[in-house]
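K.L.:
Below is a structure I'd like to ask you about.
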Amino acid sequence: MLKAMKAVIDEVNASGGVSGRQFELVVEDDETNPEAAVRAARKLIDVTKVPAIMGTWASAVTTAVAPLCWESRTFLTTVSGADSITKLPHQGYLIRTQPNNYLQAAKHAEFIASMGVKRCYIMSIQAPFSQPTQERATEVLKQKGSQMVGGLIYDKDKTTYRSEVDQALKTNPDCIYLNGYAPDVTILLRDLYRADYKGLRFAQSYAVTSKVLESLPVEVTEGVITVQPSADIGSPAYDLAKKRLGIAEPDSYETQATDWASLVVLSIAKAKMATGTAIRDNVRKISQGNGTKVYSAVEGLKLLAQGKEINYEGASGPCDFTDIGDIIDCKFRYNKISGGKPSLLKVA
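Now the structure itself:
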């Protein structure tokens, strides 16, 4: 992700920067730890006096750093997934390019319905996202002519979920949505196989990792469908990111980092001012609306210098944001497990 941000900044500086000034990317390590993150943010805000902090990952880190940002009027970009992040009183000083739980649940349900599923059952780990996921997926399935026939929330520390599996199978589902993490989903997949369940099994890719696939017999995972947020692999911005980074397939996080740097640069250029408030007040002006579509910061800078309006379309997706900073839409990658390995079904 750092390489992606640096590549954008280097490209912008090589083209002349903004108003003759160069951008400097200052790096501090948050150690994926809230206390370390606060120290790093304090240094960036109080000593380096940056207008923007890009790249908080863990939700706990973002929750700790965000108040420092809005209090100091420093703009913050993040991939943290917890719905609570954008519900903080951040006054517009935060955007999230990672889809929130609400959007993900809707997209998952749309896909499940598109597979011809009529009766879906959701099995969720005890977690803050569990109930909201079930509620949103239930709404969307109904809209698409399918239905959620039931759901349960299970304890993560059990060594078997056979009783939960039996409870789910009583509803005669043709799809079971496994809404958990790798350790518990491993057990669930094994128990579903032992119960001779033949329907569709659907899970997040982080719950069916390569280690999970290696640990289970091929027949246990055969046909499982996994999902993860995807870069916008068909977009011109994605092709530019590939060339800029020199890699064949930048992932969703590398493309989000590409977009953070581009959005910050273009917002500063639009405002003609390098402050957090200037970025906040202009980020939507350069990323959504009726301006000319551009797919890189350099391309956008040329048009802004001519006094033209632009609409930055990113490598991770459209980069259109709600009033509270959530991404409105993005692509998802769907894989099917075959022979113990994932193969691409589609990106949509």
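For the sequence shown, the numbering used here gives the first residue as 1375, with consecutive numbering after it. Note that CB positions come from ideal geometry on N, CA and C, so glycine has one too. Nothing here was measured: the structure is a model prediction, and the numbers come from that model.
What do you get for aspartate 1606, buried or exposed, if any count of 16 or more other CB atoms within 10 angstroms of its CB means buried?
P.N.:
Label assigned to aspartate 1606: buried.
K.L.:
Output needed for alanine 1648: all residues of its chain with C-beta closer than 6 Å, excluding positions within five of it in sequence on either side, in chain order.
P.N.:
Once the five neighbours on either side are set aside, the close Cβ partners of alanine 1648 are Pro1425 and Ile1642.
K.L.:
Rounded to a whole number of angstroms, what is the C-alpha to C-alpha distance between threonine 1430 and threonine 1451?
P.N.:
About 7 Å.
K.L.:
Count the CB pairs spanning the stretch 1618-1626 and the stretch 1652-1661 that are closer than 8 Å, and state whether there are at least three.
P.N.:
With a cut-off of 8 Å, the stretch 1652-1661 and the stretch 1618-1626 do not count as touching, because too few Cβ pairs lie within range.
K.L.:
From Met1379, Ala1378 and Gly1390, pick the residue whose C-alpha is nearest to that of lysine 1676; which is it?
P.N.:
It is Gly1390 whose Cα lies nearest to the Cα of lysine 1676.
K.L.:
Bridge partners for aspartate 1700 per DSSP, in chain order?
P.N.:
Partner(s): Arg1470.
K.L.:
So, helix, strand or coil for valine 1401, using DSSP?
P.N.:
DSSP places valine 1401 in coil when its eight states are reduced to three.
K.L.:
With distances taken from CA atoms, which of Ala1388, Gln1680, Gly1688 and Val1657 is nearest valine 1668?
P.N.:
Checked all of Ala1388, Gln1680, Gly1688 and Val1657; the closest Cα to valine 1668 is Gly1688.
K.L.:
Return the residue from the list Leu1477, Thr1534 and Val1491 that minimises the CA-CA distance to glycine 1519.
P.N.:
Taking only the C-alpha atoms, the option nearest glycine 1519 is Val1491.
K.L.:
Can you tell me which of Asp1700, Arg1575 and Ser1609 puts its alpha carbon nearest to the alpha carbon of serine 1712?
P.N.:
Looking at the Cα atoms, Arg1575 is the closest of the given residues.
K.L.:
Looking at C-alpha atoms only, which residue of Ile1701, Leu1543 and Arg1536 is the closest neighbour of glycine 1524?
P.N.:
Residue Leu1543 is the option with its Cα nearest to glycine 1524.
K.L.:
What distance in whole Å lies between the Cβ atoms of tyrosine 1528 and isoleucine 1499, which are believed to be in contact at a cut-off of 8 Å?
P.N.:
Indeed they touch by this definition, with Cβ atoms about 6 Å apart.
K.L.:
If distances are taken between C-alpha atoms only, which option among Asn1407, Arg1447, Glu1445 and Arg1707 comes closest to alanine 1432?
P.N.:
Comparing Cα positions, the closest option is Asn1407.
K.L.:
For lysine 1481, count the other beta carbons within 10 Å of its own beta carbon; 16 or more makes it buried, fewer makes it exposed. Which is it?
P.N.:
Buried, because 16 or more other Cβ atoms sit within 10 Å of the Cβ of lysine 1481.
K.L.:
If contact is defined by three or more beta carbon pairs under 8 Å, each pair taking one atom from either stretch, is the stretch 1689-1703 in contact with the stretch 1400-1420?
P.N.:
No: fewer than three Cβ pairs fall under 8 Å.
K.L.:
Identify whether threonine 1545 lies in helix, strand or coil by the three-state DSSP scheme.
P.N.:
DSSP places threonine 1545 in coil when its eight states are reduced to three.
K.L.:
Just list the residues that DSSP pairs lysine 1646 with in beta bridges.
P.N.:
Note: lysine 1646 sits in no beta bridge, so no partner.
K.L.:
Taking C-beta to C-beta, are valine 1382 and alanine 1635 nearer than 7 Å?
P.N.:
Yes; because the gap between Cβ atoms is below 7 Å, this pair is in contact.
K.L.:
I need the straight-line Cα distance from methionine 1489 to glutamine 1465, nearest angstrom please.
P.N.:
Each residue's Cα considered, the two are about 41 Å apart.
K.L.:
Confirm, please, whether the CB-CB distance from valine 1392 to alanine 1671 is below 7 Å.
P.N.:
No, the pair does not count as a contact, with Cβ atoms beyond the cut-off.
K.L.:
Mark glycine 1597 as exposed unless 16 or more other C-beta atoms lie within 10 angstroms of its C-beta, in which case mark it buried.
P.N.:
With fewer than 16 other Cβ atoms within 10 Å, it is exposed.
K.L.:
Output the residue ranges of the beta strand (DSSP E) runs that lie fully inside the stretch 1587-1626 and measure 3 residues or longer, sorted by chain position.
P.N.:
List check, beta strand (DSSP E) in window: 1599-1604.
K.L.:
Please list the terminal residues of the continuous beta strand (DSSP E) segment that includes glutamine 1521.
P.N.:
Glutamine 1521 -> beta strand (DSSP E) spans 1521-1528.
K.L.:
Let me know if threonine 1533 comes out buried or exposed under the rule of 16 or more other beta-carbons within 10 Å of its beta-carbon.
P.N.:
Exposed is the call here.
K.L.:
For aspartate 1404, which residues from the same chain have a beta carbon less than 6 Å from its beta carbon, with the 5 sequence-adjacent residues on both sides left out?
P.N.:
Ala1410, Ala1411, Ala1414 and Val1435, listed in sequence order.
K.L.:
Out of Met1522, Lys1516, Ala1556 and Thr1512, which has the shortest C-alpha to C-alpha gap to aspartate 1531?
P.N.:
Aspartate 1531 has its Cα closest to that of Ala1556, out of Met1522, Lys1516, Ala1556 and Thr1512.
K.L.:
Note down, in chain order, each residue of its chain lying with its Cβ closer than 6 Å to the Cβ of arginine 1536, except the 5 sequence neighbours on either side.
P.N.:
Answer for arginine 1536: Asp1565, listed in chain order.
K.L.:
Going by C-alpha distance, which of Tyr1708, Lys1646 and Ile1698 is nearest isoleucine 1459?
P.N.:
Ranking Tyr1708, Lys1646 and Ile1698 by Cα distance to isoleucine 1459 puts Ile1698 first.
K.L.:
If you compare alpha carbons, which of Leu1526, Asp1633 and Gln1541 is closest to alanine 1569?
P.N.:
For the residues Leu1526, Asp1633 and Gln1541, the minimum Cα distance to alanine 1569 belongs to Gln1541.
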